[in-house]
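Here is the structure we will look at, set down as structure tokens.
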Amino acid sequence: MTDVLPRHGLLIGGAEVMTAEWMDVTDPSTGRAFAQVGAATVTDVDHAVGAARAALGAWRATPPLERAQAIARFARALDEEAPQIAELIHREEGKPLGEAQMEVARACEVVHHFAGEAERLTHTMLPAGSGGRGSEIRPDGIGVVAAITPWNFPVALVIWKLAPALAAGCCVIVKPAQEAPLAARAVCEVANRSGLPAGVVSCVTGDGPTLGEALSTHPGIDKVAFTGSRRVAELIAAWASPRLKALSLELGGHGPLVVLDDADLDVAVDVAISQGYANAGQACYSVNRVFIPRSLASDFLERFRRRMEQVVLGPLATDRGVVRHHELIADAQAHGATIEGGDLIEGARFAPALITNAGPGTRVVEDEPFTPIVTVLAYDDLAAAIAEANRPDYGLVGYVCGADLRRTQDVAHAIECGTVVINGWRVVVPYAPYAGWRGSGIGCELGRPGLEAFIRWQHVRTLA
Ligand code: NAD
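Its first residue numbered 1344, the sequence shown is counted upward by one per residue in this note's numbering.
Okay, structure coming up:
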């Protein structure tokens, strides 16, 4: 007899909507389904867009202070629900519970931050230049936003869109990844329960390609805010751009860590280990390539190996991640690189991998691995190392370690990434923009620019 799995419907117009078809949600550590979510159709998307458009006028016109208070209530409700939401992430995505709790805690901070930002969304009156009475510069919510998000940070990447969009006066339809929809859906449920007006936040779960296309082509959607792979980003841009929708695309990275010759090697190792293997390597901000002065390489590697032995990873969240991990290791072997670790332990759980002696052309040197692999590359010339760090078409997060602050900042400025972290590894803060440069995306999230990304400006010029 098969177990009856708990079912979680769509959230449209403030209500739960049951569907004809359902999709399993699987625990990657057991490979077994433990819940089901609604498989939305194109008609469901249409209903969600209709509910959002119906709510938009009043939400946009809500005075900023009231909107701020409503978002603050949502933030407090999310704080209360945080333990349960972290459990859901742990279960559906496989990351260790501590990492899931950290993700939710940081996401809550983002909602609190944007509740405050909503209050600070002020109109500006400028004096008339030549004649007339003056100019009002008025921020207005961009409209109805489709938030299409990946599975690797299923709550954070919803919140980075949802919180600023709400602060700006937008309505949001969340479309989480089919691999990990439960925690994202729970966030939307909390938003509705906390008293946000019906239709302001909806959630449609189901098949990614079907719903992604339906949202990106729908005439009632004003902006698509996407995080995920470059392959899907290109599809979404092709659907949204001819329809002149606003677009933000947050894509993968291929994080370089440039270690300078005066660096504290224990700090450098800590950055490489923490960011190389966080979420089993399935993070866009991962350290993927470490550039180390040749004279320090053996000392660095010795310390790295000692730390690597203590690393215990959660399972890879998807079958395609498991396949890619095997392929990347085989490719590195075929290119004559040296591989340590990286073996399958059980199920979808791997030991962390370290690759050395890899040359250009090896896949781990060229592309985002998105599995727990750190490649260490010895360098003789700093300028050449920086050029190599910038060569592949990515530009999300880079890292620098060194003692001379001035020099570390010069190197940070030379690294073509939207974020560079010096002598540490905490990347994201709610008040600073997080942007993918070059092949890592268009637009940015968080910080003031991440709020303005959901705003359209109106100039009201009163002449008489
Ligand atoms: P993905 O592109 O496969 O999926 C992302 C979203 O698109 C999901 O909601 C999915 O259901 C949907 N989707 C999938 N196929 C689609 C299609 N054909 N048409 C329309 N929508 C479709 O990405 P993923 O595997 O879930 O996530 C991994 C990628 O995301 C990595 O490259 C990672 O680096 C990147 N990422 C970037 C950031 C950032 O902030 N820059 C953060 C996390 C992850």
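Cβ atoms here follow ideal geometry from the backbone N, Cα and C, with glycine treated the same way. From a predicted model like this one, the values you see are computed outputs, not experimental measurements.
7 Å Cβ cutoff met for residue i and residue j
i	j	result
Arg1481	His1466	yes
Gly1356	Ala1401	no
Ala1510	Phe1457	yes
Leu1354	Cys1513	no
Ala1489	Ile1564	yes
Ala1810	Pro1540	Since the displayed the chain opens at 1344 and closes at 1807, residue 1810 lies outside it and no answer follows.
Leu1429	Ala1411	As written in the sequence, residue 1429 is Ala, which differs from the Leu given in the question. Taking 7 Å as the Cβ cut-off, Ala1429 and Ala1411 do not qualify as a contacting pair.
Ala1711	Asn1733	In the sequence as displayed, the identity of residue 1711 is Glu instead of Ala. Not closer than 7 Å, so no.
Pro1715	Gly1690	no
Asp1686	Ala1680	no
His1597	Tyr1737	yes
Ser1559	Ala1529	no
Ala1448	Ala1499	no
Ala1358	Val1543	no
Leu1421	Val1454	yes
Thr1553	Pro1524	no
Leu1587	Ala1576	no
Glu1522	Trp1494	yes
Gly1704	Ala1696	no
Val1770	Tyr1628	yes
Val1515	Ala1508	yes
Closest by C-alpha distance to residue i, when choosing among the options
i	options	result
Val1812	Glu1364, Ser1372 and Val1771	Summary: the structure shown does not reach residue 1812, with the chain confined to residues 1344 through 1807, and so no result is reported for it.
Val1743	Val1602, Asp1387 and Arg1396	Val1602
Thr1762	Val1530, Gln1653, Pro1776 and Pro1792	Pro1776
Gly1786	Ala1526, Val1544 and Ser1591	Ser1591
Gln1427	Gly1441, Ala1415, Arg1416 and Ala1404	Gly1441
Arg1799	Val1501, Asp1483 and Glu1788	Asp1483
Thr1386	Arg1536, Asp1724, Ala1557 and Gly1542	Ala1557
Ile1698	Leu1644, Arg1749 and Phe1417	Leu1644
Thr1718	Arg1463, Gly1702 and Glu1359	Gly1702
Ala1611	Val1544, Ala1404, Gly1459 and Val1630	Val1630
Ile1485	Gln1801, Leu1806, Glu1446 and Tyr1620	Gln1801
Met1361	Gln1379, Val1368 and Asp1370	Gln1379
Val1392	Ala1534, Pro1562 and Arg1375	Pro1562
Ala1415	Glu1460, Gly1551 and Leu1656	Glu1460
Leu1794	Arg1781, Tyr1774 and Ser1783	Tyr1774
Ala1534	Val1501, Gln1521 and Leu1464	Val1501
Val1633	Leu1720, Asp1607 and Ile1688	Leu1720
Glu1423	Arg1692, Ser1537, Ala1727 and His1756	Ser1537
Asp1729	Phe1377, Ala1757 and Thr1751	In the sequence as displayed, the identity of residue 1729 is Ile instead of Asp. With distances taken between Cα atoms, Ile1729 lies closest to Ala1757.
Val1655	Asp1370, Asn1495, Lys1438 and Ala1606	Lys1438
Glu1436	Pro1470, Gly1624 and Glu1731	Gly1624
Thr1384	Thr1492, Arg1350, Asp1550 and Gly1474	Asp1550
Arg1781	Ile1765, Val1740 and Met1445	Val1740
Phe1647	Ala1615, Glu1731 and His1433	Ala1615
Ala1746	Ala1404, Arg1375, Ala1580 and Asp1609	Asp1609
Thr1492	Ser1617, His1678, Gly1555 and Phe1417	Gly1555
Simplified DSSP assignment, three categories, for residue i
i	result
Thr1705	coil
His1433	helix
Gly1400	helix
Phe1713	coil
Gly1767	coil
Met1344	With a pLDDT of only 45 at Met1344, under 50, the local geometry of the prediction cannot be trusted, and the value read off the model is given with reservation. The answer is coil: DSSP assigns Met1344 none of H, G, I, E or B.
Cys1514	strand
Leu1353	strand
His1597	coil
Leu1587	coil
Tyr1722	strand
Cys1787	strand
Met1651	helix
Phe1797	coil
Ala1696	strand
Ser1641	helix
Thr1762	strand
Gly1685	coil
Gly1690	coil
Ala1363	coil
His1678	coil
Thr1805	strand
Val1772	coil
Leu1505	helix
Pro1658	coil
Thr1405	coil
Minimum Cβ-Cβ distance from residue i to chain C less than 7 Å
i	result
Ala1411	This model lacks chain C altogether; it includes just one protein chain.
Complete beta strand (DSSP E) runs within the region 1440 to 1501 (minimum length 3 residues, chain order) | 1467 to 1469, 1477 to 1484 and 1487 to 1491
Taking only runs of the alpha helix (DSSP H) that begin and end inside the region 1532 to 1584, which ones reach a length of at least 4 residues, in chain order?
-> 1551 to 1560 and 1573 to 1583
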